[in-house]
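**Q** Residue numbers (the numbering used here): 129 to 300. Where a beta carbon is used, it is the ideal one built from N, C-alpha and C, also for glycine. Structure below; questions to follow.
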Amino acid sequence: TQFGKLGGSVKSLVGRMLAAGAAAFALKKAVDGLNVFKAHVDEAEKLSRAIETSYENAQELAIAEKEAGLQAGAIRSAIEGIAVAQSQGVISKDLLNLGLTFDEIREKKPDELFDILSKRMNEGSLSARQFEAAVNVLGDNGSEVALKLAGNFEEFREIARESGKIIEEETF
């Protein structure tokens, strides 16, 4: 009977240990989820400030960039490249070769020019002249970004909008 009591105690102890382990695992998963959420919020805030765009647009671009398989920061680099080309004091031949008009280059912000470029390149093929201009303007990953824009980047932006992952700025 001593062994029976001991066996019952061991079973009870094992049950408690399993319950504690399951609770610890659930808590870790919850904390990990909050960390992912915080990282997403932080990255979108950085992108929003860096390219002077809305928080929601920054999130959309960041999610689409990831979904498209682009290197992290490729879209920000592309928009910054547009800003540099736009600020040169003369109308950039490369921006014109990318299909942007004089008025658009003069009047739009860099993120708006990127949106226009993304939509236009998605509608048609990428010429050799456009590809060269993209390499010159769209930052370190210009060729990769240009190919994605000419391919299906707009679809990744749509996926981002429909994902439910975009948090409105007023939420914080």
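Would you give the residue range spanned by the alpha helix (DSSP H) that Gln199 belongs to?
**A** Here residue 199 refers to the residue found at position 71 of the sequence shown. First-last for Gln199: undefined, no H or E at that position.
**Q** Rounded to a whole number of angstroms, what is the C-alpha to C-alpha distance between Ser215 and Glu235?
**A** Indexing the sequence shown from 1 puts residue 215 at position 87. Indexing the sequence shown from 1 puts residue 235 at position 107. Taking the straight line joining both Cα atoms gives about 12 Å.
**Q** Would you mind giving the Cβ-Cβ distance between Glu184 and Phe284, rounded to the nearest angstrom? I have them listed as a contact below 8 Å.
**A** Against the sequence shown, residue 184 aligns to sequence position 56. Against the sequence shown, residue 284 aligns to sequence position 156. Not confirmed; about 16 Å, so no contact.
**Q** Going by the CB atoms, is the gap between Ile210 and Phe242 shorter than 9 Å?
**A** Within the sequence shown, the letter at position 114 stands for residue 242. Within the sequence shown, the letter at position 82 stands for residue 210. Contact flag set, yes.
**Q** Considering Cα atoms alone, identify which of Leu228, Gln199, Leu224 and Arg144 is closest to Gly270.
**A** Locating residue 270 in the sequence shown gives position 142, counting from the first residue. The residue with the shortest Cα to Cα distance from Gly270 is Gln199.
**Q** Secondary structure at Ile219, three-state DSSP: helix, strand or coil?
**A** Taking the first residue of the sequence shown as 1, we reach residue 219 at position 91. Here Ile219 sits in coil by DSSP.
**Q** Would you mind giving the Cβ-Cβ distance between Asn225 and Gln187, rounded to the nearest angstrom? I have them listed as a contact below 8 Å.
**A** Here residue 225 corresponds to residue number 97 of the sequence shown, with the count starting at 1. Here residue 187 corresponds to residue number 59 of the sequence shown, with the count starting at 1. In fact, because the Cβ distance is near 30 Å, the residues do not count as touching under 8 Å.
**Q** Would you decide whether Glu296 is buried or exposed? Buried here means 16 or more other CB atoms lie within 10 Å of its CB.
**A** Taking the first residue of the sequence shown as 1, we reach residue 296 at position 168. With fewer than 16 other Cβ atoms within 10 Å, it is exposed.
**Q** If you count every other CB in all the chains shown that lies within 10 Å of the CB of Leu189, and 16 or more means buried, which is it?
**A** Indexing the sequence shown from 1 puts residue 189 at position 61. Buried.
**Q** Could you check what DSSP says for Glu225 in three-state terms: helix, strand or coil?
**A** On the sequence shown, position 97 is the one that residue 225 refers to. The amino acid occupying residue 225 in the given sequence is Asn; Glu does not appear at that position. Helix, per DSSP.
**Q** For Leu228, which residues of its own chain have a beta-carbon under 7 Å away from its beta-carbon, when the five flanking residues on both sides are left out?
**A** Residue mapping note: residue 228 aligns to position 100 of the sequence shown, counting from 1. These residues qualify, in order along the chain: Leu241, Ile244 and Leu245.
**Q** Let me make sure I understand the geometry here. Which of Lys247, Ile207 and Arg177 has the alpha-carbon closest to that of Val263?
**A** What you label residue 263 is simply residue 135 of the sequence shown in a count that begins at 1. For Val263, the nearest C-alpha among the options comes from Ile207.
**Q** Please report the straight-line C-alpha distance between Leu223 and Lys247, rounded to a whole angstrom.
**A** Taking the sequence shown and counting its residues from 1, one reaches residue 223 at position 95. Taking the sequence shown and counting its residues from 1, one reaches residue 247 at position 119. Each residue's Cα considered, the two are about 15 Å apart.
**Q** Ignore the nearest five residues each way along the sequence and tell me which others in Ala192's own chain have a CB closer than 8 Å to its CB.
**A** For the purposes of this step, residue 192 is taken as residue 64 along the sequence shown, with counting starting at 1. Excluding positions up to five away in sequence, the list reads Ile203, Phe281, Phe284, Arg285, Ile287 and Ala288.
**Q** Please go through the same chain and pick out, in chain order, the residues whose beta-carbon is closer than 7 Å to the beta-carbon of Glu232, but skip the five residues on each side of it.
**A** By 1-based counting over the sequence shown, the position of residue 232 is 104. Correct list, in chain order: Leu241 and Ile244.
**Q** How would you call Ser140, buried or exposed, if buried means at least 16 neighbouring beta carbons within 10 angstroms?
**A** The residue labelled residue 140 in the question sits at position 12 within the sequence shown. With fewer than 16 Cβ atoms within 10 Å of its Cβ, Ser140 is classed as exposed.
**Q** Among Ala261, Gly267 and Met145, which one has its Cα closest to the Cα of Lys221?
**A** The residue given as residue 221 occupies position 93 in the sequence shown. Nearest C-alpha to Lys221: Ala261.
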